[in-house]
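Engineer: The structure under discussion is supplied below as C-alpha cells; questions concerning it will follow.
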Amino acid sequence: MIPEIGHFSLLIAFVFSICLAIFPMIGAQKRIADLIALGKPLVHANFVLLSVSLFCLAWSFYHNDFSVYYVAMNSNSELPWYYRLSAVWGAHEGSLLLWVWILALWTSAVAIFSRTLDDDDVARVLAVMGFISIGFLAFVIFTSNPFERTFPNFPIDGRDLNPLLQDIGLIIHPPMLYMGYVGFSVAFAFAVAALISGKLDATWARWSRPWTLAAWIFLTAGITLGSWWAYYELGWGGWWFWDPVENASFMPWLAGTALIHSLAVTEKRGAFKSWTVLLAISAFSLSLLGTFLVRSGILVSVHAFASDPTRGLFILIYLLLVIGGALTLYAIRASNVVSTHRYKLFSREVFLFSNNILLVVALVVVLLGTLLPLVHKEIGLGSISIGAPFFDRIAALWYLPFCLLLGVAPFVRWKQDKLSRLTGKLVSGLVIALLTGLTFYLALEIDSVVTMTAVVLAGWVAGLTLLELVKNKQILKISLSHWGMIFGHLGFAALVLGIAVTQWGTVEQDVRMKVGEQVVLNDYTFKLEAVDFVKGPNYSAYHAKFDIAQGDKQFDLQAEKRYYNVQSNVMTEAGIDASLARDLYVALGEQLQDGAWAVRVYVKPFVRWIWLGGLLMSIGGLLCIADKRYRKILSAKALNKPVGSQDETQVKAAQEVQA
Amino acid sequence: MKSIRVIIPIVSFLAVSIFLYKGLFSDPTDIKNANVERQFPDFNLPDLMDENLFYQKDSVKGDYTLVNVWGTWCVTCRVELPYMTRLRQEGVRIVGVYYDNAADAAFGEVNVEQTRLEVKQMLAQLGNPFQFNIYDVKRDLSLDLGVTGAPESFLVNPEGVIIAHRRGAIDERVWQKEFQPLLNSYSNQAKSQSN
Amino acid sequence: MKEFFKFVIFITSVFASANLLAVEENYPFESEAKRADFEALVQELRCPKCQNQNVADSNSLVAIDLKNKTYQLVQEGKTKQEVVDYMVQRYTQFVHYDPPVNHVTIWLWIIPGFICIFLVLFVLKRNRTESGSQITDPHIREAEAIFAELEKQSQLKANSNTTQEVDK
Numbered sequence: 240m241i242p243e244i245g246h247f248s249l250l251i252a253f254v255f256s257i258c259l260a261i262f263p264m265i266g267a268q269k270r271i272a273d274l275i276a277l278g279k280p281l282v283h284a285n286f287v288l289l290s291v292s293l294f295c296l297a298w299s300f301y302h303n304d305f306s307v308y309y310v311a312m313n314s315n316s317e318l319p320w321y322y323r324l325s326a327v328w329g330a331h332e333g334s335l336l337l338w339v340w341i342l343a344l345w346t347s348a349v350a351i352f353s354r355t356l357d358d359d360d361v362a363r364v365l366a367v368m369g370f371i372s373i374g375f376l377a378f379v380i381f382t383s384n385p386f387e388r389t390f391p392n393f394p395i396d397g398r399d400l401n402p403l404l405q406d407i408g409l410i411i412h413p414p415m416l417y418m419g420y421v422g423f424s425v426a427f428a429f430a431v432a433a434l435i436s437g438k439l440d441a442t443w444a445r446w447s448r449p450w451t452l453a454a455w456i457f458l459t460a461g462i463t464l465g466s467w468w469a470y471y472e473l474g475w476g477g478w479w480f481w482d483p484v485e486n487a488s489f490m491p492w493l494a495g496t497a498l499i500h501s502l503a504v505t506e507k508r509g510a511f512k513s514w515t516v517l518l519a520i521s522a523f524s525l526s527l528l529g530t531f532l533v534r535s536g537i538l539v540s541v542h543a544f545a546s547d548p549t550r551g552l553f554i555l556i557y558l559l560l561v562i563g564g565a566l567t568l569y570a571i572r573a574s575n576v577v578s579t580h581r582y583k584l585f586s587r588e589v590f591l592f593s594n595n596i597l598l599v600v601a602l603v604v605v606l607l608g609t610l611l612p613l614v615h616k617e618i619g620l621g622s623i624s625i626g627a628p629f630f631d632r633i634a635a636l637w638y639l640p641f642c643l644l645l646g647v648a649p650f651v652r653w654k655q656d657k658l659s660r661l662t663g664k665l666v667s668g669l670v671i672a673l674l675t676g677l678t679f680y681l682a683l684e685i686d687s688v689v690t691m692t693a694v695v696l697a698g699w700v701a702g703l704t705l706l707e708l709v710k711n712k713q714i715l716k717i718s719l720s721h722w723g724m725i726f727g728h729l730g731f732a733a734l735v736l737g738i739a740v741t742q743w744g745t746v747e748q749d750v751r752m753k754v755g756e757q758v759v760l761n762d763y764t765f766k767l768e769a770v771d772f773v774k775g776p777n778y779s780a781y782h783a784k785f786d787i788a789q790g791d792k793q794f795d796l797q798a799e800k801r802y803y804n805v806q807s808n809v810m811t812e813a814g815i816d817a818s819l820a821r822d823l824y825v826a827l828g829e830q831l832q833d834g835a836w837a838v839r840v841y842v843k844p845f846v847r848w849i850w851l852g853g854l855l856m857s858i859g860g861l862l863c864i865a866d867k868r869y870r871k872i873l874s875a876k877a878l879n880k881p882v883g884s885q886d887e888t889q890v891k892a893a894q895e896v897q898a
Numbered sequence: 261m262k263s264i265r266v267i268i269p270i271v272s273f274l275a276v277s278i279f280l281y282k283g284l285f286s287d288p289t290d291i292k293n294a295n296v297e298r299q300f301p302d303f304n305l306p307d308l309m310d311e312n313l314f315y316q317k318d319s320v321k322g323d324y325t326l327v328n329v330w331g332t333w334c335v336t337c338r339v340e341l342p343y344m345t346r347l348r349q350e351g352v353r354i355v356g357v358y359y360d361n362a363a364d365a366a367f368g369e370v371n372v373e374q375t376r377l378e379v380k381q382m383l384a385q386l387g388n389p390f391q392f393n394i395y396d397v398k399r400d401l402s403l404d405l406g407v408t409g410a411p412e413s414f415l416v417n418p419e420g421v422i423i424a425h426r427r428g429a430i431d432e433r434v435w436q437k438e439f440q441p442l443l444n445s446y447s448n449q450a451k452s453q454s455n
Numbered sequence: 305m306k307e308f309f310k311f312v313i314f315i316t317s318v319f320a321s322a323n324l325l326a327v328e329e330n331y332p333f334e335s336e337a338k339r340a341d342f343e344a345l346v347q348e349l350r351c352p353k354c355q356n357q358n359v360a361d362s363n364s365l366v367a368i369d370l371k372n373k374t375y376q377l378v379q380e381g382k383t384k385q386e387v388v389d390y391m392v393q394r395y396t397q398f399v400h401y402d403p404p405v406n407h408v409t410i411w412l413w414i415i416p417g418f419i420c421i422f423l424v425l426f427v428l429k430r431n432r433t434e435s436g437s438q439i440t441d442p443h444i445r446e447a448e449a450i451f452a453e454l455e456k457q458s459q460l461k462a463n464s465n466t467t468q469e470v471d472k
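Residue numbers (my numbering), protein chains in the order written: chain A, 240 to 898; chain B, 261 to 455; chain C, 305 to 472.
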C-alpha cells in the first residue's frame, strides 16, 4: 500500500508540474493575475507530494519491503537501518527520485524567498523550473520507477546495497552533489526568465547571485566529500582520477565558479550581461549533461549506473529540449543586449573576465577530454583513453596565469586603475611568495620545478589575499561577503599547495608482510602487529593492526579487508593517520599462499590541504551568502530597485570610516 | 558579427548531441583487439600435458584454426566447451591456449600436475574441443595477443593471419554471425580456384 | 637535542633496514630511476578490462599481467616510451591514458586555445570600441551623465541606510 501511495504522489506531481510549466508562464506573458497566482501553490503542492513519495520509498526500505523491486535489489535485512535509509539513493531509480525532490525543494525555496520580486517575474522563473521537473518526473515514472513491485513472487531477502556505498561519506555525498547540480537550475531559470521577458538588467543578476552561491557551496562541498571518500574507501590513496563521472561534476563546478564571479560584475557594474546569461545556462546544462553521461553508460567509468540506451535516449531528448531551447532563446535574445558600461583595460572588470576566460578554457578542456574518446571511436579511429597525463599537462600550463591574476585581482579598482598604485603590494606579495617557496624548499627538499612553481604561486595567492585583508584597518568591520572572498581565495591557495606537494612527495611501498615484520618508509616504521578475523553486521573481515614508530613516537593504525556476504564483494578499509603535514596510509591486500599479506603503505605529504581547500572555499561561499545585503534583498520590499552600483564593500568601508 | 557569435553555443551543443546520440548505440567497453588482421605472434611454448613437446607459430597455420584462450578457473569457459566440441565434430580445427589465473600465478607457484588433473576432468565432463593445448607458461603469448581475460578466441587463416576475434564465450549465434561467413568465403574461393 | 633525535632516527633506521630484509617488496628495484619509471608507467597504463582504472590500482588478472610485464621491461632497461609502445602495440591506444596526437586529438589543444584567443579579443575589442564611442556619440555621453547621477543618488541612499542601521 505504502509504495502505491508513493507512486500515486509521483503521478500527481507530474500533472502539477505540467500545469506549473504552462499556466504561470501564460499568465506572466498575457498579464493574467489568476494564472500567475497559480504558480506558488502548485510549487508547494509539488514539494509536499514529492516529499510523500520519497518518504514512502524510505519507509519501504526501512521496513524491508522486498516486494518492491528497487528495495529488493538494493537492500538487505541485515543492513543497518541508516544504510537502509541511504540506500534510497543508492542506485539509479531512487537517486533520480532524490533529484526531483531536491528540484522541488529549490523551487519551493524560490517561491518563498522571492516575495519582493515582481509577480510575473517569479511566475516565469517558477514555470521554467516546472518545465525542468516535467522531464525528470516523466523519466522517473516511465523509465525508472522505484515503486515497481515484484509480485507475485517476491524474494525473502534483498540483494544488499553495494558495499562501496555502505559508508558515511556516501550517505551525504550524493545529496550534497545533487543540491549543487539542481541548485544551478535556479540561476538557469532566472536567466531563461530574463531572456523571455527581455529584462536583462542588473536585477536578474542580483537575484541569481545568492542562489548560485548556495548551489556552488553544495557542489564544492559535495565534490570535496566525494574526493575524500574515494581516498579512504577505494584503497589506493587516490583523490581524483579524471574519471568521466568526476569530470561530470567538475564541469558544472567550473562554470559555476566562473558564474559567481561574472555575476558580481554584472550586478555591480552592469557589464558582461549576455556572457553571464550564457554562463548561467551553461552551469545547469553541464549538470544535465553530467546526468546523461552517468546514466546512459556511453562512457567507461568507475561509477556508472547500469546502462540502458532507452534511458539514455530519453535524457538526450530532454537535453535537446531544455539546453537546446535555452541556447536558441539565447541566440535570439542576446544579440539585442547592449552594454552601456565602460571600463579600461587595467580594471577589476577585465581581471574578473580573465578569471572567466581561464575557467571556461579549463571547462572546455575537461569537456573535450571527456567526450573526445567517444568522437574518436565513432568516426572509426578506435578507442583512446584520456586521463591524468593529459589533464596534468594542461593544468600545469593553466594554474600559472590563473594564480598570478587571482592574487592581483582583489586590489584592482573597478572601471580603471593604475599598475603603479599596486607596485608596493605586488612586491610584498612576491616576497611572501618567494619566502613560502624557500620554506618549502628547505623543509621538504623539493626537487621539481613544477612543484616549486605551484608552491610559490600558492604563496603568492595566499600572501596577497592576506595583504588585502590587512590593508583594511578595521578588520572587525569587514563585510561578510568580503570575508567570503578571502576564505575562497585562501582555500584555492591551500588546494594548489596540497595538490602540488602531494603529487610530488607521495611515496609508496608495495610489500608482502608476515605478522611481526616491518617496513620503513621515509622515517616511519610500519610493523604488522596482528591480523584477526572479525565479523560485522553484514560482512566478515580480516582486521590488521599496524604499529607505527617515528623516532620515539608510537601509535597504531587499523586496516581491514572486508568480505560482504550477499554480493560477495571484497572491500578495503584503509588505515589512515591524518595530519596537516602528512597522511600515513595503510591498505591490506589479499592473503598470500605462505601466510604473508600483500600490503600497500603510503606517506602522502600535505594531502589534507586538498580537502581543507575545498572546505575553506565552501566556508567562503557560506560567508558571502550570510552577508546582510542578501537578507535585505530577500526581506525589504523597497530594494527592488538597483542598489548602489558602486563596489559596496568600498562604499561600506568609506561609511564606516565616516561613522 | 554579434549574431554569429550568439549562435556559437547552440551550434556546438547540437554538434555534440550528434555524437552523444551515436554513442548511445555503441558499447564503450567494446575495444577492438590490436592483433586483428595481423600475423599471429611468434611463440615457443610446451604442450599442457607434456612439457617436452613444444609448439611454434606453424602449429596454428596451414588450416583455418580457432585459437581459444581458456582456463579451468574461468566460469564462462565451461559454458562454451560443449558448443565448441560440436564445432570440432563438424570439422573445425580448435587449438587451446591454457591461461593460468594470474592472481594465483603472481603470488606463488602454480601446480602444473594439479592443473592437468583439473583439465582432464573438465574436458571429460563437458567435451574436449581441442586438438591440443598450448600451455602459456608466463602468459606472454596471451599478452602478445592482447588478451584481457578468458575466454577469448582468435580465428587464424592458413597464412597465419588473425582474421576474427571474440571476447567472451562462443555460442551458435556468435559463430554463425562472426566466424562462419569468413570460412564460407574461403571455401568458395578454394572452389573457384579448383574450377 | 636535535642531534640526539637524528641519532635515534639513524639507529632505528639501521635496525629497521636490517629487519627490512625479511619484508619482500613486490617490485624491488636497484635503481631509483627505474623505480620512478615503473611507478609512473603503472599509473599511466589503463587496465583494458576494468571500468576505468589504471594498472597500479586494479587487481584484475590482466592488470597484474601488465604490471608484471611492465616491471620486466623496465628491469630489462627499456625506456618509458618503449614500454608504452610495447603495450599499445598489443592493447591498442586505449591502454595508455595519454592520447596520441592525430588529426582528431589535436583539437584537444586547438579548441581551448581558440576559445581563449576569441575571449581575449572579445574583451580587448569591447574595451577599445567603448572608450572610442565615448567622444563621438552624444547619446552615450548623455546616458553617461544620467548614470553618474544615479550612482551618486544610490550612494547617498546607501549612506543613509547604513546610518539608520547604526542608529538602531
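Don't be surprised by glycine CBs; every beta carbon is placed ideally from N, CA and C.
If you count every other CB in all the chains shown that lies within 10 Å of the CB of residue 320/A, and 16 or more means buried, which is it?
Structural biologist: exposed
Engineer: Apart from the five residues just before and just after residue 244/A, which ones in its own chain have a Cβ nearer than 6 Å to its Cβ?
Structural biologist: 295
Engineer: Distance check for residue 638/A and residue 657/A, CA to CA, integer angstroms please.
Structural biologist: 25 Å
Engineer: Just reading off the alpha helix (DSSP H) that residue 360/A is part of, what are its end residues?
Structural biologist: Segment 358–382, the alpha helix (DSSP H) holding residue 360/A.
Engineer: Excluding sequence positions up to five away, which residues of its chain have a Cβ less than 8 Å from the Cβ of residue 383/A?
Structural biologist: These residues qualify, in order along the chain: 331, 332, 335, 550.
Engineer: When the Cα of residue 771/A is compared with those of 762/A, 784/A, 379/A, 386/A, which residue comes out closest?
Structural biologist: A check of alpha carbon separations from residue 771/A across 762/A, 784/A, 379/A, 386/A identifies 784/A as the nearest.
Engineer: Tell me, please, whether the CB atom of residue 506/A is closer than 8 Å to any CB atom in chain C?
Structural biologist: no
Engineer: Can you look up residue 327/C in the DSSP assignment and give me helix, strand or coil?
Structural biologist: When DSSP states are grouped into helix, strand and coil, residue 327/C belongs to the coil group.
Engineer: Please report how far the alpha carbon of residue 417/B lies from the alpha carbon of residue 607/A, in whole angstroms.
Structural biologist: 40 Å
Engineer: Using a Cβ-Cβ cut-off of less than 9 Å, list which residues of the segment 291–307 of chain B approach chain C; keep chain order.
Structural biologist: Result list: 291, 292, 293, 294, 295, 301.
Engineer: Less than 8 Å between CB atoms is the rule here; does residue 359/C satisfy it with respect to chain B?
Structural biologist: no
Engineer: Name, please, each residue of chain A whose Cβ falls closer than 8 Å to the Cβ of residue 339/C.
Structural biologist: Near residue 339/C there are no residues of chain A at all, since even the closest Cβ is about 10 Å away, more than 8 Å.
Engineer: Using a C-beta cutoff of 8 Å, does residue 395/C count as contacting chain B?
Structural biologist: yes
Engineer: Out of curiosity, what's the CA-to-CA distance linking residue 325/B and residue 354/B?
Structural biologist: 6 Å
Engineer: Quick one: what's got a C-beta closer than 8 Å to residue 613/A's C-beta in the same chain, skipping five residues either side?
Structural biologist: 537, 538
Engineer: Using only the alpha-carbon positions, how far apart do residue 318/C and residue 753/A sit?
Structural biologist: For residue 318/C, the pLDDT reaches just 41, beneath the cut-off of 50, and the residue's location in the model is therefore unreliable, although a value from the coordinates is still provided. Straight-line Cα distance between these residues: approximately 20 Å.
Engineer: If contacts are defined as beta-carbon pairs under 8 Å, then residue 628/A and residue 348/C qualify, I think. What distance do you get, rounded to the angstrom?
Structural biologist: Rounded to the nearest angstrom, the Cβ distance from residue 628/A to residue 348/C is 5 Å, consistent with a contact under 8 Å.
Engineer: Pull up the distance between the alpha-carbon of residue 620/A and that of residue 359/B, whole angstroms please.
Structural biologist: So the two alpha carbons sit approximately 30 Å from each other.
Engineer: Identify the contact partners of residue 751/A in chain C, using a Cβ-Cβ distance below 9 Å as the criterion.
Structural biologist: 327, 328, 329, 330
Engineer: If you measure beta-carbon to beta-carbon, which residues of the segment 362–389 of chain C are closer than 8 Å to chain B?
Structural biologist: Residues passing the 8 Å Cβ filter: 363, 364, 365, 366, 368, 369, 370, 372, 373.
Engineer: How would you write the range of the alpha helix (DSSP H) that residue 314/B sits in, first residue to last?
Structural biologist: Run containing residue 314/B: none in the alpha helix (DSSP H); it sits in the beta strand (DSSP E), 314–316.
Engineer: Assuming the contact rule is C-beta atoms closer than 8 Å, residue 357/C and residue 623/A should be a hit. Round their C-beta distance to whole Å, please.
Structural biologist: Taking a contact as a CB-CB distance under 8 Å, the pair residue 357/C and residue 623/A does not count as one, their CB atoms being some 16 Å apart.
Engineer: For residue 442/A, which residues does DSSP report across the bridge?
Structural biologist: The partner list for residue 442/A (beta bridge, DSSP) is empty, contrary to what the question assumes.
Engineer: Sorted by chain position, which residues of the same chain lie with C-beta nearer than 8 Å to residue 726/A's C-beta, five sequence neighbours on each side aside?
Structural biologist: 855, 856, 858, 859, 862
Engineer: For chain C, check one thing: does any of its Cβ atoms lie closer than 8 Å to the Cβ of residue 426/B?
Structural biologist: no
Engineer: Is the CB-CB distance between residue 803/A and residue 394/A below 8 Å?
Structural biologist: Not in contact: residue 803/A and residue 394/A (Cβ atoms no closer than 8 Å).
Engineer: Using DSSP bridges, identify the partner residues of residue 842/A.
Structural biologist: Note: residue 842/A sits in a beta bridge opposite 746/A, 823/A.
Engineer: Pick helix, strand or coil for residue 504/A, following the three-state DSSP scheme.
Structural biologist: helix
Engineer: Compute the Euclidean distance between the alpha carbons of residue 649/A and residue 498/A, then round it to the nearest angstrom.
Structural biologist: As the crow flies, the alpha-carbon of residue 649/A is around 17 Å from that of residue 498/A.
Engineer: Any contact between the segment 745–763 of chain A and the segment 699–712 of chain A? By contact I mean 3 or more CB pairs, one from each, below 8 Å.
Structural biologist: no
Engineer: Is there at least one Cβ from chain A nearer than 8 Å to residue 424/C's Cβ?
Structural biologist: yes
Engineer: Keeping to the same chain, check which residues put their C-beta closer than 8 Å to that of residue 374/C; ignore five residues upstream and five downstream.
Structural biologist: Closer than 8 Å at the Cβ level, and outside the excluded window around residue 374/C, lie 342, 345, 346, 349, 359, 387, 391.
Engineer: Assuming residue 245/A is part of the alpha helix (DSSP H), what are its boundary residues?
Structural biologist: Note, residue 245/A: alpha helix (DSSP H), 241–269.
Engineer: Using only alpha-carbon positions, find the residue among 362/A, 311/A, 576/A that is nearest to residue 273/A.
Structural biologist: 362/A
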